[in-house]
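*Asks:* Input: one structure, supplied below.
In the UniProt record's numbering, the protein residues as written are 1 to 505.
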C-alpha cells in the first residue's frame, strides 16, 4: 500500500491554501474540504438543473437518480452490500442516533439501554427514554455482560447497546467485534455503533453482515470536510423495529387519510420509510464528488489511517517526553491502558492531555487554547461532549461533578480548575487527519515547548526576570552545547519581552 505522505506538502499547497500560516489540529471536530471538491461541486451545480426529488420533471428525476447513485456509492465505500444494508440520509450522526431512539421509544413495553463510558453525549441522551439503563464503566464490564447468561424474563425485554467506535475524547478505539458477539449471545438486543469520530481516519468494513452493527451512524463532514450531511446505515434484517416508529412525514407514506379517518400506509423500503420530507439533495450531490476527490487525493481510508496514525505517534511521543529543567513532565496524557499508538485498531490519531507547571500545578485548559489561538493553532479544549471519558480520566465522581455544577461550572465555560487542589475540569485535545503534516506536529510541539518549557505562559504575559533566571540555573548540568543553545534561547525570550539584553548577575 503506497503512502501519499511524501506528497502531502504538494497536496496542501494545491488543495488547502487557507492553511497557509495556520496549524489545524481539530480533525476530530471537522476535517477539511479541498479546493478540487468545491470546484467540482460548483461546476456540477452550474451545469445541471437539480429540482425537488418529489416530482416527475426532468430536474426532479435528475436529483432522484443522483441521490440513489450516491446512496449506492456510500454503501460501497463501506463494503456494505445493498442486499443486506440500506442507507438513510440524515443531518448528522446525532440525527441518526435520535432516529434509532425515536423508534425504540415507541416500543409499548419500553426498552433497556446500555452504553459505554466513552460515549458522546448524543449516545448518553438515548437513556432518557429507556425503561432502564446502564453505563458500562470498562471494557471488562461490557465483555462480562455479553458473556453472561440472562433469564427468560430479561431476554423478553427489547434492548439496545450503543458505543463509539472511537472515543471523541482521546481517540481510543473500541472492539468492533462486540456487535457480532452481542447478536450471538444476547437475544432481543440491537447494537448501535457511533462511527462519527472513527471515520475521520478509520476504515470501516461491513462486508461481514453477520457481525456488523444493526445501526451505524456517521457524519460525512468528519470524513470529507464537506458536505454537512450524515447517514444511518441499517442492517436490513434489523430494520423492522425502525420502520415501526409512529411518526411519518413528507414522502415516507404511500397514502394518508386526514379528515374523517386517521389512517396511513408507509412505504416499504427502509430509507423510503425513514427519510422525512425533502432530502438535502444538493448536499447529496456534493457527497458524490467528495468520494471521488477523496480517492484521487488520498486513495483509501486505510492509507489515510496509516498517514494520520504515524503523525499521531510522533506527537504523542514528543509531548510525553517534554520535561521542565527540574525533570517534571510538561504534559499529562490521557491514554487508555489498552490502547497503543503503534496499533491503529486500538488508538486513533488523537492526543488528549493537560499541561502542568514545573511545580506540578495545572495550567487551565482554556489558557492553553487561548495561547494556541495567538499562535494561529486550532485545537479543542473542554469536556469535548464526552462526560464519561473526561470524568474517568480526570478522576471526578458524580458528587464532585455535581458540586462543580452547583458552583457555576457548565459545559463550554472557562472554569478550568475546581475542587480541592484545583483539579482540571476538562482536557486539551489535538487530532490529526488526512491532510495533516509533520509540520503541524512540529509546530504544536514547538509551541508547547516555547510557551511552557522555556517561558512559562509567556504569550501575552511578561514573566518576572527571576522566573527566567530560575529556568536558566539548572541547565549547568546539561551537555555544554545544549546549555549554550538553551541559554541563547532564554536570552532571546527575555530580549523579545523586555526590549533589553539579559545580563547575568
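Backbone N, C-alpha and C fix where the C-beta goes; we use that ideal spot for every residue, glycine too.
Quick check: the segment 9-19 against the segment 268-277, are there 3 or more CB pairs under 8 Å?
*Replies:* No: fewer than three Cβ pairs fall under 8 Å.
*Asks:* Look up residue 26 in the DSSP assignment and give the residues it is bridged to.
*Replies:* BP columns for residue 26 point to 431.
*Asks:* Check whether the Cβ atoms of residue 428 and residue 284 sit closer than 8 Å, and answer yes or no.
*Replies:* Taking 8 Å as the Cβ cut-off, residue 428 and residue 284 do not qualify as a contacting pair.
*Asks:* Between the segment 44-53 and the segment 253-260, do three or more beta carbon pairs fall short of 8 Å?
*Replies:* These segments do not touch.
*Asks:* Quick one: Cα of residue 462 to Cα of residue 370, how far?
*Replies:* For residue 462, the pLDDT reaches just 32, beneath the cut-off of 50, and the residue's location in the model is therefore unreliable, although a value from the coordinates is still provided. Approximately 16 Å between the Cα atoms of the pair.
*Asks:* Quick one: residues in its chain with C-beta nearer than 7 Å to the C-beta of residue 57, no 5 flanking neighbours on either side, listed in chain order?
*Replies:* Excluding residues within five positions, the ones whose Cβ falls inside 7 Å are 51.
*Asks:* What are the boundary residues of the beta strand (DSSP E) that includes residue 111?
*Replies:* It spans 111-116 - the beta strand (DSSP E) in which residue 111 sits, taken as one unbroken run.
*Asks:* Please return the same chain residues whose Cβ sits closer than 8 Å to the Cβ of residue 358, not counting the five positions on each side in sequence.
*Replies:* Within the same chain, residue 358 has close Cβ partners 324, 325, 326 and 328.
*Asks:* DSSP three-state call for residue 258: helix, strand or coil?
*Replies:* Coil, per DSSP.
*Asks:* DSSP state of residue 86, grouped into three classes?
*Replies:* Of the three classes helix, strand and coil, the one that applies to residue 86 here is strand, per DSSP.
*Asks:* Secondary structure at residue 446, three-state DSSP: helix, strand or coil?
*Replies:* Of the three classes helix, strand and coil, the one that applies to residue 446 here is helix, per DSSP.
*Asks:* In three-state DSSP terms, what is residue 464?
*Replies:* Bear in mind that a pLDDT of 32 at residue 464, under 50, signals an unreliable position, so the number given afterwards is only what the model happens to contain. Note: residue 464 maps to coil in three-state DSSP.
*Asks:* Are residue 287 and residue 229 touching if we call contact CB-CB under 8 Å?
*Replies:* Yes, these two residues count as a Cβ contact at 8 Å.
*Asks:* State the DSSP-derived secondary structure class of residue 379, mapped to helix, strand or coil.
*Replies:* Here residue 379 sits in coil by DSSP.
*Asks:* Evaluate residue 341 with the Cβ neighbour count: other Cβ atoms within 10 Å of its Cβ, from every protein chain shown; 16 or more gives buried, anything less gives exposed.
*Replies:* The residue in question, residue 341, is buried, as its Cβ has 16 or more Cβ neighbours within 10 Å.
*Asks:* Using CA coordinates, which residue listed in 398, 122 and 96 is at the minimum distance from residue 516?
*Replies:* It is not possible to answer for residue 516, since the shown part of the chain is limited to 1 through 505.
*Asks:* Would residue 433 and residue 315 be called neighbours here (beta carbons separated by less than 8 Å)?
*Replies:* Not a contact, by the Cβ cut-off of 8 Å.
*Asks:* Give me whichever residues DSSP pairs with residue 351 in a beta bridge.
*Replies:* 430.
*Asks:* To the nearest angstrom, how far is the alpha carbon of residue 99 from that of residue 204?
*Replies:* Computed Cα separation, rounded: 21 Å.
*Asks:* Along the chain, which unbroken stretches of the alpha helix (DSSP H) at least 4 residues long are found entirely within the segment 301-329?
*Replies:* DSSP runs (the alpha helix (DSSP H)) wholly in the segment 301-329: 301-321.
*Asks:* Do you know offhand how far residue 164's Cα is from residue 174's?
*Replies:* Each residue's Cα considered, the two are about 7 Å apart.
*Asks:* Does residue 208 pass the burial test, meaning 16 or more other C-beta atoms within 10 Å, or should it be called exposed?
*Replies:* Classification for residue 208: exposed.
*Asks:* Check the C-beta distance from residue 85 over to residue 235 and give it rounded, since I have them as a contact under 8 Å.
*Replies:* Confirmed, about 6 Å.
*Asks:* Residue 65 bridges to which residues according to DSSP?
*Replies:* According to DSSP, residue 65 bridges with nothing at all.
*Asks:* According to DSSP, what are the bridge partners of residue 265?
*Replies:* Residue 265 pairs with 255.
*Asks:* For the segment 172-227, which segments carrying the alpha helix (DSSP H) assignment without a break, of at least 4 residues, lie completely within its bounds, in sequence order?
*Replies:* Counting only runs of 4 or more, we get 178-185 and 221-224.
*Asks:* Comparing C-alpha positions only, which one of 280, 439, 92 and 169 sits nearest to residue 64?
*Replies:* The shortest C-alpha separation from residue 64 is found at 280.
*Asks:* Are the Cβ atoms of residue 136 and residue 120 separated by less than 8 Å?
*Replies:* No; because the gap between Cβ atoms is not below 8 Å, this pair is not in contact.
*Asks:* Beta-carbon within less than 6 Å of residue 389's beta-carbon, same chain only, minus the 5 sequence neighbours each way: which residues are those?
*Replies:* Within the same chain, residue 389 has close Cβ partners 118, 167 and 169.
*Asks:* Out of 191, 355 and 91, which has the shortest C-alpha to C-alpha gap to residue 332?
*Replies:* Of the listed residues, the one whose Cα sits closest to residue 332 is 355.
*Asks:* Could you tell me the boundaries of the beta strand (DSSP E) in which residue 232 lies?
*Replies:* 230-235 is the span of the beta strand (DSSP E), which, as asked, contains residue 232.
*Asks:* Can you confirm whether the segment 120-132 touches the segment 91-109 when touching is taken to mean that 3 or more C-beta pairs between the two stretches lie within less than 8 Å?
*Replies:* The segment 91-109 is in contact with the segment 120-132.
*Asks:* Any idea which residues DSSP pairs residue 333 with across the strands?
*Replies:* Paired residue(s): 353.
*Asks:* Taking the alpha carbon of residue 133 as the point to measure from, which residue in 143, 212 and 157 has its own alpha carbon closest?
*Replies:* For the residues 143, 212 and 157, the minimum Cα distance to residue 133 belongs to 157.
*Asks:* Let me make sure I understand the geometry here. Which of 254, 395 and 227 has the alpha-carbon closest to that of residue 41?
*Replies:* Checking every option, the nearest Cα to that of residue 41 belongs to 227.
*Asks:* By DSSP, does residue 420 sit in helix, in strand, or in coil?
*Replies:* Three-state DSSP puts residue 420 in coil, outside helix and strand.
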